[in-house]
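Let me begin by presenting the structure, written as structure tokens, before commenting on it.
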Amino acid sequence: MATKEKMFMEAVKKKFKEEPTDVSTTYYKYGGWRQSKSKVEFQAAAEKIAKDRGFPMMNEDIGVPLGQRSWMPYQLSHTDIFVEPDDLHCINNPAIQQAWDDIRRTILVGLDSPHQTIERRLGKEITPETINTYLETVNHTMPGGAVVQEHMAEVNPALVYDSYVKVFSGDDELIDELDKRFVIDINKLFPAEQAKQLKAAVGKTLMQAVRVPSIVGRVMDGATTSRHAAMQISMAFISAYKLAAGEAAIADFAYSAKHQSINMGSMMPARRARGPNEPGGIPFGFMADMAQSDRVYPDDPGRAALESVALGAVIYDQIYLGGYMSGGVGFTQYATAAYTDNILEDYVYYGIDQINKKYGGFCKLDPNDHDELMNLAEDVNSYSLEMYERYPAIMETHFGGSQRSTVAAASTGIAGAMATGIADCGLNCWYYSMLEHKERAGRLGFYGYDLQDQCGSANSFAYRSDEGLPMEARGPNYPNYAMNVGHLSGYTGIPKAAHVARGDAFTANPFIRVAFADPALQFDFANITKEIGRGGLREFVPAGERTAVIKG
Amino acid sequence: MAYKRQFYPGTTSPAVARRRLMDPKVKLQKLREVPIEDVVKLMGHRNPGEDYKSIHPPIEEGSEPDCPIRKLVTPIDGAKHGDRIRYIQFTDSVYFAPVSPYQRAWMYLSRYRGIDTGTLSGRQIIEVRERDLEKMAKEFIENETFDAALTGIRGATVHGHACRLDENGLMFDAWQRYLWDPKRKEVKYVKDQVALPLDKEIFVGAPASMEDLKKRTTIFRADGVDMRDDKEVTKYQHRIHKLRTLGGYQPFKVKGV
Numbered sequence: 004m005a006t007k008e009k010m011f012m013e014a015v016k017k018k019f020k021e022e023p024t025d026v027s028t029t030y031y032k033y034g035g036w037r038q039s040k041s042k043v044e045f046q047a048a049a050e051k052i053a054k055d056r057g058f059p060m061m062n063e064d065i066g067v068p069l070g071q072r073s074w075m076p077y078q079l080s081h082t083d084i085f086v087e088p089d090d091l092h093c094i095n096n097p098a099i100q101q102a103w104d105d106i107r108r109t110i111l112v113g114l115d116s117p118h119q120t121i122e123r124r125l126g127k128e129i130t131p132e133t134i135n136t137y138l139e140t141v142n143h144t145m146p147g148g149a150v151v152q153e154h155m156a157e158v159n160p161a162l163v164y165d166s167y168v169k170v171f172s173g174d175d176e177l178i179d180e181l182d183k184r185f186v187i188d189i190n191k192l193f194p195a196e197q198a199k200q201l202k203a204a205v206g207k208t209l210m211q212a213v214r215v216p217s218i219v220g221r222v223m224d225g226a227t228t229s230r231h232a233a234m235q236i237s238m239a240f241i242s243a244y245k246l247a248a249g250e251a252a253i254a255d256f257a258y259s260a261k262h263q264s265i266n267m268g269s270m271m272p273a274r275r276a277r278g279p280n281e282p283g284g285i286p287f288g289f290m291a292d293m294a295q296s297d298r299v300y301p302d303d304p305g306r307a308a309l310e311s312v313a314l315g316a317v318i319y320d321q322i323y324l325g326g327y328m329s330g331g332v333g334f335t336q337y338a339t340a341a342y343t344d345n346i347l348e349d350y351v352y353y354g355i356d357q358i359n360k361k362y363g364g365f366c367k368l369d370p371n372d373h374d375e376l377m378n379l380a381e382d383v384n385s386y387s388l389e390m391y392e393r394y395p396a397i398m399e400t401h402f403g404g405s406q407r408s409t410v411a412a413a414s415t416g417i418a419g420a421m422a423t424g425i426a427d428c429g430l431n432c433w434y435y436s437m438l439e440h441k442e443r444a445g446r447l448g449f450y451g452y453d454l455q456d457q458c459g460s461a462n463s464f465a466y467r468s469d470e471g472l473p474m475e476a477r478g479p480n481y482p483n484y485a486m487n488v489g490h491l492s493g494y495t496g497i498p499k500a501a502h503v504a505r506g507d508a509f510t511a512n513p514f515i516r517v518a519f520a521d522p523a524l525q526f527d528f529a530n531i532t533k534e535i536g537r538g539g540l541r542e543f544v545p546a547g548e549r550t551a552v553i554k555g
Numbered sequence: 046m047a048y049k050r051q052f053y054p055g056t057t058s059p060a061v062a063r064r065r066l067m068d069p070k071v072k073l074q075k076l077r078e079v080p081i082e083d084v085v086k087l088m089g090h091r092n093p094g095e096d097y098k099s100i101h102p103p104i105e106e107g108s109e110p111d112c113p114i115r116k117l118v119t120p121i122d123g124a125k126h127g128d129r130i131r132y133i134q135f136t137d138s139v140y141f142a143p144v145s146p147y148q149r150a151w152m153y154l155s156r157y158r159g160i161d162t163g164t165l166s167g168r169q170i171i172e173v174r175e176r177d178l179e180k181m182a183k184e185f186i187e188n189e190t191f192d193a194a195l196t197g198i199r200g201a202t203v204h205g206h207a208c209r210l211d212e213n214g215l216m217f218d219a220w221q222r223y224l225w226d227p228k229r230k231e232v233k234y235v236k237d238q239v240a241l242p243l244d245k246e247i248f249v250g251a252p253a254s255m256e257d258l259k260k261r262t263t264i265f266r267a268d269g270v271d272m273r274d275d276k277e278v279t280k281y282q283h284r285i286h287k288l289r290t291l292g293g294y295q296p297f298k299v300k301g302v
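Keeping their order, the protein sequence lines are chains A and B.
According to my numbering, numbering within the first sequence proceeds without interruption in unit steps and concludes at 555.
According to my numbering, numbering within the second sequence proceeds without interruption in unit steps and concludes at 302.
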């Protein structure tokens, strides 16, 4: 994609009446918070609540005078959707919540081990027909249906309609014999080359993509997912294969479901304690595999990296760091800078153009040529910073230095990853950007940027476990990354960029890659910013709502 | 050979400005006079004439533990008296403010003892014993590092450093702590740094011209002096990144870099 016309122009022209290059404007005359449709709505709602409950609630007139400058709408990048910042708060946006629900409620449980138990230990035959029977049964049990004990309370299906189990495999012959309704079909969902790679990586394993109900994750937590899945899978085996509910082999099903499965995230240490399948434990490579843009738009590697950034922004920065680790009003606009107004878009596509011009395409820059890697980093980072300097409208759009630091570093890191095909080279470029940004502007982000980014160059290639990891395997749980909002979005885009540049069908885990291609998911992981925008427009319909059991 | 302290590389005007600010031997130019009573009011920690609040007895009266470090360090005046630690925080516009947050930190740490600074993208806080703070605050409001339009004194609600300038060339401040006075053609503060109304207007002088600021600023910008045009600064920054990268990865390769 050419970058002749600045990609952020549409957004900034909608935000401001002045030319994007104007340094001057006027302030203090816009009517304060009343210029914002959502603030007006909030104030009316808060006043009603205060009246109903008999004591004050939120009040837009308390604290900082909001709206002293023109209230900016935000364009979801690579969409035509504009929303207010409030619409992107993770508590206000059901699409963001559903993206997290869909990740948290997913566990991948192999069927090979239980099939061996059934065949070798119990002497029963496994056939495509028995597998289909099992799949029909487990799609009854997983939402909360009973199959073994009589007089059981069950879950209202209207509350858990999003829960299901599907299977996939690299074995086309086996898949051909299974009931298509229960199959995530790699051949149909992925471009041919990606399908070939994925099938080779998955092999003959028959893998279940288990989705426990969204509402289960909300009432319990991510660590419940494996337990819920194990319980209901075991029940389905008992019923489908007519087993004894008390026989010892059943424990093997539960064991394999709990411990021979793929969680989306690992446990975190005591000081940040969360169980598995909570956001802090998700490696960047896994998150990059969940983002599906390159499956649907295989000819647009820039979009693939950018959609990964967007997913990282909402899950890591908004929900994890802004919610789990901080709480309160959170860090919304800190994170949205990376996926709104096509600013990062402009910088990333500039980097792609430069890579094509300088090296003749992706993965052609020798990763051992650190001097040339720095030259590329300087080029892309300087372009990014220069845009802020040449276009005061985007400088004001990213009115916090942390926003600018993240976006400039993300574009530089993505360029380094694409040019070499090595995620760690991209990470090294990220830190180059941070050092240069500080040196150039005399400012960077908040205190955390001192902590994390001034020492990052030194760990960017480190692989020893207490010093570093390959970028694909790092995550928020990596010691230095545990507390700094504004970084994890860009970090997600870097390994994605490296692997999409290489033409890889996945970044870190082929099973996760396939599992999130499933069109039965509530959230469309191939169109992340669009889904977030639909959430902001109040068009997105999330699962797990309780209206089915609330009178009226 | 005696070590000769170095401050900053480069030949361009921002690089030279950075060196000047960091060098404690350089006396910074005083551009305006703001009475100490007004400085005290702007900060809002105590009323002019009010006693300093203390958090411990004067050191000479107290029973300090026998500590070799304490014997080595001469306490600053406020520490001697047991003053509490208070702050002033400056916001510096991206539009060629005379100084930017990191340069403030480097400058403060190079010129003063007994201080704590915190650097963010738009603002820079300096915390120090109260009577020392007041002297420093007066100095930094009066000297060349402060511009009436592009430097703000803000304790909270600090954003504005990256916003466009208003019709009078002033940096945005959601609290409007300062206003343009068209009669005097100067900037006046009407609120203190946490936006409490002042009982009198405090004038901090006229803004410098953009032409003058572009000569004096420490900020590299594409529409001013681009950092890439200062080969020595660029080389120095490359070297830092390269050394850190190799130091953490292949330290045996750090030879002649």
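All C-beta atoms in this analysis are idealised placements derived from N, C-alpha and C, irrespective of residue type, glycine included.
Query	Result
Taking A:V141 as the reference, give the member of A:I178, A:T120, A:V215 with the closest Cα.	A:V215
Can you have a look at A:A247 and say buried or exposed, based on whether 16 or more other CB atoms are within 10 angstroms of its CB?	exposed
Would you mind reading off the limits of the beta strand (DSSP E) that contains B:K236?	231 to 236
Within 10 angstroms of its Cβ, does B:H126 collect 16 or more other Cβ (buried), or is it exposed?	buried
Determine, for A:L438, whether the minimum Cβ-Cβ distance to residues of chain B falls below 8 Å.	yes
Report back the beta-carbon spacing between A:K169 and A:A523 to the nearest angstrom; my notes put them in contact at under 8 Å.	7 Å
Using the Cα positions of A:P146 and A:T228, report the straight-line distance between them to the nearest angstrom.	12 Å
What number of angstroms, rounded off, separates the C-alpha of A:K533 from the C-alpha of A:S311?	13 Å
For B:G163, name the three-state secondary structure that DSSP assigns.	strand
Mind checking the stretch 125 to 159 of chain B against chain A and listing, in chain order, the residues whose C-beta falls within less than 7 Å of any C-beta there?	V139, Y140, S145, P146, Y147, Q148
Contact check, A:A340 vs A:T415 under 8 Å by CB: the rounded distance?	Wrong, their Cβ atoms sit about 15 Å apart, outside the cutoff.
Is there a C-beta anywhere in chain B that falls below 8 Å from the one on A:F334?	no
Could you give the distance in angstroms between the alpha-carbon of A:K261 and the alpha-carbon of A:A252?	15 Å
Does any C-beta atom of chain B lie closer than 8 Å to the C-beta of A:T6?	Any answer about A:T6 is weak, because its pLDDT of 49 lies below 50 and its placement is not dependable; what the coordinates show is given next. No, no contact with chain B.
Output, in sequence order along the chain, the residues in the stretch 197 to 218 of chain B whose CB is closer than 7 Å to any CB in chain A.	T202, H204, A207, C208, R209, L210, D211, E212, F217
Note down, in chain order, all residues in the stretch 439 to 455 of chain A with a beta-carbon under 9 Å from any beta-carbon belonging to chain B.	E439, K441, E442, R443, A444, G445, R446, L447, G448, F449, Y450, Y452, D453
Return the CA-CA distance between A:G2 and A:Y362, expressed in angstroms with no decimal places.	With chain A covering 4 to 555 only, the question about residue 2 of chain A has no answer from this structure.
Kindly identify the DSSP beta-bridge partner or partners of B:W225.	B:V232
I'd like to know if A:H262 contacts chain E, where contact means its C-beta is closer than 8 Å to some C-beta of that chain.	Going by chain labels, chain E is absent from the structure shown, which instead holds the protein chains A and B.
Contact criterion: CB-CB distance below 8 Å. Does B:D122 meet it with respect to chain A?	no
Ordered along the chain, which non-local residues of its own chain (more than five positions away) have a Cβ less than 8 Å from that of B:I264?	P59, V139, F141, A142, S145
Considering only C-alpha positions, which residue in the set B:Q134, B:Y53, B:L66, B:L291 is nearest to B:I198?	B:Q134
Please return the same chain residues whose Cβ sits closer than 7 Å to the Cβ of A:K127, not counting the five positions on each side in sequence.	I121, Y244
With distances taken between CB atoms, is the gap from B:G214 to B:P252 smaller than 8 Å?	yes
In chain order, what residues of the same chain lie with their CB nearer than 7 Å to the CB of A:Y323, ignoring the 5 residues before and after it?	P282, G283, P479
What number of angstroms, rounded off, separates the C-alpha of A:A5 from the C-alpha of B:L291?	Only weak support is given to the placement of A:A5: the predicted model assigns it a pLDDT of 44, under 50, and the question is left unresolved by the model.
Can you find a CB in chain B that lies within less than 8 Å of the CB of A:N431?	yes
Enumerate in chain order the residues of its own chain whose CB-to-CB distance from A:C432 is below 6 Å, with the five nearest sequence positions on each side excluded.	A380, T415, G416, G419
So A:F526 and A:Q101 are supposed to be a Cβ contact under 8 Å. How far apart are they, rounded?	5 Å
Taking B:T263 as the query, report the chain A residues whose CB atoms sit under 8 Å from its CB, ordered along the chain.	G445
The alpha helix (DSSP H) with B:I100 in it runs from where to where?	No alpha helix (DSSP H) holds B:I100; DSSP gives it neither H nor E.
DSSP three-state call for A:V141: helix, strand or coil?	helix
Since B:I170 meets chain A, which of its residues come closer than 9 Å, beta carbon to beta carbon?	The contacting residues do not exist; B:I170 stays about 10 Å from chain A at best.
Hey, quick one: how far does the alpha helix (DSSP H) through B:S138 stretch, first residue to last?	It is not in any alpha helix (DSSP H) - B:S138 carries neither H nor E in the DSSP assignment.
Find out if the Cβ-Cβ distance for the pair B:I247, B:L76 is shorter than 8 Å.	no
By how many angstroms is the C-alpha of A:P76 removed from the C-alpha of A:K51?	26 Å
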